[in-house]
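This report refers to the structure that appears directly beneath it.
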Amino acid sequence: MNYPFLNKHKIIFVGDSGVGKTSILNTYSKKNKIPKATLGTEFTEKYITQHNLTIQIWDCAGQERFRALTKLYYRGAKVCILVFDLTNTTSLDSIENYWIPIVKKETTESCKFILVGNKFDLTANIDYSIIWNLCKTHNIKFIETSATKNLYINNIFENVCHLINSKPTDDLEKNENETHNKQLQESKVSLITPITLPEQFYNIYTQC
Ligand code: GDP
Ligand code: MG
Numbered sequence: 785m786n787y788p789f790l791n792k793h794k795i796i797f798v799g800d801s802g803v804g805k806t807s808i809l810n811t812y813s814k815k816n817k818i819p820k821a822t823l824g825t826e827f828t829e830k831y832i833t834q835h836n837l838t839i840q841i842w843d844c845a846g847q848e849r850f851r852a853l854t855k856l857y858y859r860g861a862k863v864c865i866l867v868f869d870l871t872n873t874t875s876l877d878s879i880e881n882y883w884i885p886i887v888k889k890e891t892t893e894s895c896k897f898i899l900v901g902n903k904f905d906l907t908a909n910i911d912y913s914i915i916w917n918l919c920k921t922h923n924i925k926f927i928e929t930s931a932t933k934n935l936y937i938n939n940i941f942e943n944v945c946h947l948i949n950s951k952p953t954d955d956l957e958k959n960e961n962e963t964h965n966k967q968l969q970e971s972k973v974s975l976i977t978p979i980t981l982p983e984q985f986y987n988i989y990t991q992c
């Protein structure tokens with residue numbers, strides 16, 4: 785017998801104010817029927833039948849504007865979703881210089897990262913080589929999304945489940961099947977993004 789309440793995992797959203805964290809969560813919630821957070825709590829919970837696990841999603845309630853998230857916010861997080869705005873270079877710089885260091889400081893090594901470039905519907909204004917380097921250095925998956933157009937939002941949460949279910953020693957390369965590995969090595973791409981991977985391959989690759 786399965787006990788989903790024992791299989792509960794904390795997920796945190798971080799990133800500069802205005803990048804779209806709350807919008808991403810709202811878009812996902814509407815489509816996937818997550819009840820609104822009860823007054824006084826900072827998170828919403830969703831049981832994902834397919835993976836038999838519950839994710840507890842924490843969103844900043846504006847404190848990130850002052851970089852004043854409490855230790856409690858980070859504590860026990862299994863997956864950290866780092867969000868920046870594709871039209872705002874500063875928000876990407878903050879990921880590298882502020883958000884990754886603080887999350888690493890406040891969580892254990894088992895906390896995994898997903899990098900999300902939001903506002904994909906607008907014209908990007910960032911240097912993609914910064915993203916590739918960041919992802920390589922920290923072994924992070926990258927997903928581009930649009931919260932307002934509901935593009936690739938579900939991908940974030942599919943990848944969250946995938947990361948939770950992967951063994952601690954698994955990394956992106958080890959985790960995928962051999963064909964994908966070969967293709968990835970040939971193309972020297974180990975990141976998930978609609979831009980670097982053809983859509984057909986991208987869809988297969990991101991399935992949990
Ligand atoms: P947060 O501070 O990170 O939680 O950001 P919000 O979710 O409050 O969003 C900040 C602003 O960006 C709002 O005006 C949103 O409507 C807008 N926004 C969020 N996501 C997108 C997106 O994907 N595309 C565009 N064009 N605007 C977005
Ligand atoms: Mg917000």
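Residue numbers (my numbering): 785 to 992.
Just so it is clear, CB atoms sit at the ideal spot from N, CA and C, and this is done for glycine as well.
- Ranking N872, G846, G860, W842 by CA distance to the CA of L906 puts N872 first.
- Rounded to whole angstroms, the gap between the alpha carbons of K792 and V803 is 27 Å.
- Nearest C-alpha to T932 among I796, F797, T811, D800: T811.
- Contact between I924 and N943 fails: their C-beta atoms lie close to 11 Å from each other, not under 8 Å.
- Rounded to whole angstroms, the separation of the alpha carbons of H946 and Y936 is 15 Å.
- DSSP, reduced to helix, strand and coil, places T892 outside both helices and strands of the structure shown, so it counts as coil.
- Relative to the ligand GDP, E848 has its C-beta within less than 8 Å of a heavy atom.
- Taken through DSSP and simplified to helix, strand or coil, I832 comes out as strand.
- Checking the DSSP bridge columns, you'll see I865 partnered with F797, I898.
- In the pairwise beta carbon analysis, the segment 830-844 is classified as not touching the segment 874-889: fewer than three pairs are separated by under 8 Å.
- For S878, same chain residues with a beta-carbon under 8 Å away, outside a window of 5 residues either side, are G799, D800, F868 in chain order.
- Boundaries of the beta strand (DSSP E) harbouring T838: 837-842, taken from the DSSP string.
- Here F827 is near K794, since their CB atoms are less than 9 Å apart.
- By the beta-carbon neighbour count (other beta carbons within 10 angstroms, threshold 16), T874 is exposed.
- By the 16-neighbour rule on beta-carbons within 10 angstroms, E893 is exposed.
- Taking C-beta atoms as the reference points, T891 and C864 count as a pair closer than 9 Å.
- Using a cutoff of 8 Å, the CB of K888 does not count as near the ligand MG, since none of the ligand's heavy atoms is closer than that.
- Taking each of I839, F897, H835 in turn and checking the Cα distance to P819, the smallest one comes out for I839.
- In this chain, the beta strand (DSSP E) harbouring K925 covers 925-928.
- For F941, the closest of D911, V900, N909, A908 by C-alpha to C-alpha distance is V900.
- Bounds of the alpha helix (DSSP H) holding W916 are 912-922.
- Closest in C-alpha terms to F897, from the list A861, T929, K814, K830, comes A861.
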